Every structure is written in structure tokens, then in C-alpha cells.
Amino acid sequence: MECPHCHGELEAGNIISPRDPIFWCPNGEKAGFFTTARGLERRGGFRLTRSFERTAEAWYCRTCNRLTVFDAKAK
Ligand SMILES: [Zn+2]
């Protein structure tokens with residue numbers, strides 16, 4: 535797969551959390567200790583994984599050191 539930034543080769547892998555689901559939050563927002571998916575969505579964020587999952591598929595570009603998540607929202 536091609537990096538959307540530098541067009542180099544992306545390496546398949548996973549973002550891994552040892553304990554908790556993985557969230558994305560806009561700048562200025564925080565995922566609190568007991569964050570619910572609904573509470574996070576009210577602040578513009580979302581889960582990258584379902585509540586019982588600890589890995590999110592992502593691709594890494596070693597040329598520009600960026601992670602790319604093409605389908606970020608948990609199903
Ligand atoms: Zn790149």
C-alpha cells in the first residue's frame with residue numbers, strides 16, 4: 535500500500551493498547567478514565583476499537599514516520 539503523504543511503501547501493523555480500547559480525540563479534548571463511546575462522540579472523538587479490542591490496524595511509513603489508519607472508526 536502507498537503512503538498518501540510521500541507515496542512510499544506502507545508497512546502493515548497494529549496500534550496496540552495493553553489494557554484499554556483505543557480512542558481518537560480532537561485537539562483540546564481528553565479521553566477521561568471512564569470515558570464512554572457516547573461521551574467521547576459528544577466531544578467530537580470516536581473509538582478506533584470496540585470496547586473489548588486492544589489493537590487497531592494501521593500502516594506505518596518509515597520514510598516520513600507517519601501512521602495511517604484508513605478505516606478508523608470501530609464497527
Ligand atoms: Zn510517507
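All residue numbers for the sequence shown refer to this note's numbering, where the first residue is 535 and numbers rise by one. Glycine included, each C-beta is placed from N, C-alpha and C at the ideal position. Quick caveat: nothing in here was measured; it's all calculated off a predicted structure.
Beyond the five residues adjoining it in sequence on each side, I550 comes within less than 7 Å, by CB distance, of R588, T589 in the same chain, given in chain order.
Contact check for L582 against I556 passes: the beta carbons are separated by less than 7 Å. With a cut-off of 6 Å, the C-beta of G542 is classified as near ligand 1, since at least one heavy atom of the ligand falls inside that distance. Apart from the 5 residues on each side of it in sequence, M535 sits with its Cβ closer than 7 Å to the Cβ of L544, W593 in its chain, given in chain order. Beta-bridge partners of N548 (DSSP): E591. At a threshold of 6 Å, T602 does not count as near ligand 1, since its beta carbon sits no closer than that to any of the ligand's heavy atoms. The beta-carbon distance between T597 and P538, rounded to whole angstroms, is 12 Å. This is too long to meet the 8 Å contact definition.
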